[in-house]
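*Asks:*
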DNA sequence: CTACTTTTGTAGTGATCGTTCCAGAAGTAC
DNA sequence: GTACTTCTGGAACGATCACTACAAAAGTAG
């Protein structure tokens with residue numbers, strides 16, 4: 001066994017608690033006092049176990065992405081059809097963003113939307129991870145366009161930006177109190193915007209195609 | 212003329228500057244030092260002119276809603292057709308959220324997404340204003356359903372939640388660096404989700420209608 | 001037991017938070 | 001000019017920020 005006085009708390013459990021606090025309040029608004037209070041441990045214990053606030057957040061973020069936020073990667077990786085991937089992505093997001101006894105929305109999306117200038121690097125880091133996700137979506141659409149799952153003139157980048165925006169909007173709606181059913185309906189509406197395959201022409205009695 | 216030493220700065224100009232700072236950093240992350248630095252005035256002058264930080268934010272928010280954010284109300288009020296209203300709403304949002312020399316996105320949406328527990332009332336206030344906007348959208352859709360502009364089975368609440376989510380997503384995308392053109396393409400994609408009027412059946416080669 | 005190692009709670013670091021006191025500056029009124 | 005009113009800049013308020021020094025506590029090793 002390890003020498004010295006043993007740690008009085010479970011490190012993984014504490015990290016899980018830190019995820020919840022950062023998820024709820026974001027990076028800047030989460031104070032050390034808020035964390036130590038929620039985790040039931042003293043500040044020196046927290047610093048000894050995780051380093052400083054930034055390191056703790058980054059570790060919490062990493063764990064979040066491999067657990068609560070992993071459904072996005074899974075949907076893209078496990079669904080060969082692009083349409084089904086997006087369908088599953090949106091529907092699972094509707095559930096994930098409104099899970100009971102958990103903070104609303106997505107930590108990656110909301111944790112650093114307003115931050116002070118000295119936390120700008122944290123915001124940039126989250127933005128970069130979001131950009132990677134959007135690029136994965138765009139690549140999926142580009143591949144689907146090449147295999148004929150999407151019309152040849154599909155703008156993969158634009159379509160990925162749309163569904164990324166819908167996810168961010170769903171997260172915001174969840175934070176605003178939307179229910180799971182509300183988010184599911186948003187997801188279904190977003191799926192109606194899926195590009196038409198050849199043979200089916202522009203829908204609706206609209207003049208939307210102005211460009 | 213008024214007695215006493217005259218104010219050395221223009222109050223409206225200072226309020227405009229405060230809008231910019233709150234717009235950029237949000238409520239919590241905007242410190243008084245950040246404000247006095249940006250406005251070029253001392254803290255006592257700011258407090259004498261606007262009260263405390265909360266009152267200044269609320270006044271800045273009010274002015275924002277009657278200027279930069281007024282396009283949303285205008286689109287709904289001035290466009291009799293619901294489809295055209297949403298079309299105008301989304302397209303103007305794409306421009307408004309990426310205006311050069313102005314902060315990205317929407318102050319109403321982003322200014323209090325992560326906030327400390329003691330600013331929870333500010334967050335609740337913004338949420339309430341967003342809810343009023345969503346309800347206005349929903350009412351517009353309900354009226355359009357009654358006049359036949361939308362299918363009789365349209366869920367006005369769900370459709371409003373969708374477009375509200377798209378607006379919030381566009382704001383987030385703008386903050387993530389999206390260009391005006393990017394947002395315009397998101398807007399056009401969202402418009403493709405507009406419900407089909409009678410006679411045109413479910414679109415696409417999908418099995419989306421699982422419910 | 002003693003020696004050693006690591007964690008703990010208390011208390012305190014300097015910095016910054018929102019906010020205000022106060023003395024002097026800058027105007028009007030007479 | 002003097003009297004009066006209002007605003008400004010500097011300095012400071014207590015509270016909180018992220019973070020840590022320190023010594024007692026709690027374990028293992030011998």
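Protein chains in written order, with our numbering: chain Z, 1 to 211; chain H, 212 to 422. Cβ coordinates follow ideal geometry from the N, Cα and C atoms, glycine included.
From the DSSP output, in three-state form, read off residue 316 of chain H for me.
*Replies:* Three-state result, residue 316 of chain H: coil.
*Asks:* Taking contact to mean 3 or more Cβ pairs, one atom from each stretch, closer than 8 Å, check whether the region 123 to 130 of chain Z and the region 29 to 47 of chain Z are in contact.
*Replies:* The region 123 to 130 of chain Z, when compared against the region 29 to 47 of chain Z, does not touch it at the 8 Å Cβ threshold.
*Asks:* Which residue from H:218, H:268 and H:235 puts its Cα closest to that of residue 308 of chain H?
*Replies:* H:235
*Asks:* Can a CB atom of chain Z be found closer than 8 Å to the CB of residue 352 of chain H?
*Replies:* No, residue 352 of chain H does not count as interfacial toward chain Z.
*Asks:* Would you grab the beta carbon distance between residue 229 of chain H and residue 271 of chain H for me? Rounded to a whole angstrom, and I think it's under 8 Å.
*Replies:* 5 Å
*Asks:* If you draw a straight line from the C-alpha of residue 4 of chain Z to the C-alpha of residue 13 of chain Z, how long is it?
*Replies:* 21 Å
*Asks:* If you follow the alpha helix (DSSP H) that residue 273 of chain H is part of, which residue opens it and which one closes it?
*Replies:* 264 to 277
*Asks:* List the residues of chain Z that residue 320 of chain H touches, going by C-beta distances under 8 Å, in chain order.
*Replies:* By Cβ distance, chain Z contributes 172.
*Asks:* Can you tell me whether residue 243 of chain H is buried or exposed? The criterion is at least 16 other CB atoms within 10 Å of its CB, across all chains shown.
*Replies:* Residue environment: residue 243 of chain H is assigned as exposed (fewer than 16 neighbouring CB atoms within 10 Å of its CB, all protein chains considered).
*Asks:* Can you give me the Cβ contacts of residue 379 of chain H inside the same chain, cut-off strictly under 7 Å, excluding the 5 residues immediately before and after it?
*Replies:* 320
*Asks:* Taking 8 Å as the CB-CB limit, is residue 116 of chain Z close to chain H?
*Replies:* yes
*Asks:* Of all Cβ atoms in chain Z, is any one closer than 8 Å to the Cβ of residue 364 of chain H?
*Replies:* no
*Asks:* Are residue 189 of chain Z and residue 373 of chain H closer than 8 Å when you measure CB to CB?
*Replies:* yes
*Asks:* Enumerated in chain order, which unbroken segments of the alpha helix (DSSP H) with a length of 4 residues or greater are wholly contained in the region 307 to 370 of chain H?
*Replies:* 318 to 321 and 331 to 357
*Asks:* Return helix, strand or coil for residue 194 of chain Z, following the three-state DSSP convention.
*Replies:* coil
*Asks:* Compare the Cα-Cα distances from residue 119 of chain Z to each of Z:55, Z:157, Z:34 and Z:47 and report the closest residue.
*Replies:* Z:55
*Asks:* With the cut-off set at 8 Å, would you say residue 137 of chain Z and residue 174 of chain Z are in Cβ contact?
*Replies:* no
*Asks:* Using only CA atoms, which one of H:408, H:390 and H:407 lies nearest to residue 311 of chain H?
*Replies:* H:390
*Asks:* Please report whether the beta-carbon of residue 230 of chain H lies at a distance below 8 Å from any beta-carbon of chain Z.
*Replies:* no
*Asks:* Just the C-alpha distance for residue 149 of chain Z and residue 84 of chain Z, rounded to the nearest angstrom, thanks.
*Replies:* 11 Å
*Asks:* Distance check for residue 261 of chain H and residue 218 of chain H, CA to CA, integer angstroms please.
*Replies:* 13 Å
*Asks:* Along the chain, where does the alpha helix (DSSP H) that runs through residue 80 of chain Z open and close?
*Replies:* First-last for residue 80 of chain Z: undefined, no H or E at that position.
*Asks:* Does DSSP put residue 238 of chain H in a helix, in a strand, or in coil?
*Replies:* coil
*Asks:* When we look at the beta-carbon of residue 132 of chain Z and count the other beta-carbons within 10 Å, is it buried (16 or more) or exposed?
*Replies:* exposed
*Asks:* Mapping the DSSP letters down to three states, classify residue 218 of chain H as helix, strand or coil.
*Replies:* Coil, per DSSP.
*Asks:* State buried or exposed for residue 181 of chain Z, treating a residue as buried only when at least 16 other CB atoms are found within 10 Å of its CB.
*Replies:* exposed
*Asks:* For residue 281 of chain H, report the span of its alpha helix (DSSP H) as first-last.
*Replies:* Where residue 281 of chain H is concerned, there is no enclosing alpha helix (DSSP H), given that its DSSP letter is neither H nor E.
*Asks:* Taking a contact to mean a Cβ-Cβ separation below 8 Å, would you say residue 217 of chain Z touches residue 90 of chain Z in this structure?
*Replies:* Nothing can be reported for residue 217 of chain Z, as the shown portion of chain Z is limited to 1 through 211.
*Asks:* Would you mind giving the Cβ-Cβ distance between residue 240 of chain H and residue 28 of chain Z, rounded to the nearest angstrom? I have them listed as a contact below 8 Å.
*Replies:* 6 Å
*Asks:* Let me know the secondary structure DSSP gives residue 2 of chain Z once reduced to three states.
*Replies:* coil
*Asks:* Where residue 203 of chain Z and residue 398 of chain H are concerned, what is the direct C-alpha to C-alpha distance, given to the nearest angstrom?
*Replies:* The predicted position of residue 203 of chain Z is uncertain, since its pLDDT is 45 and thus under 50; a value taken from the coordinates is nonetheless stated next. Cα-Cα distance, rounded: 16 Å.
*Asks:* Which residue wins for smallest C-alpha separation from residue 303 of chain H, given the options H:291, H:314, H:288 and H:283?
*Replies:* H:283
*Asks:* Counting contacts by CB-CB distance shorter than 8 Å, is residue 49 of chain Z in contact with chain H?
*Replies:* no
*Asks:* Kindly indicate the opening and closing residues of the alpha helix (DSSP H) around residue 41 of chain Z.
*Replies:* No alpha helix (DSSP H) holds residue 41 of chain Z; DSSP gives it neither H nor E.
*Asks:* Select from H:404, H:220, H:297 and H:408 the residue whose C-alpha is nearest the C-alpha of residue 350 of chain H.
*Replies:* H:297
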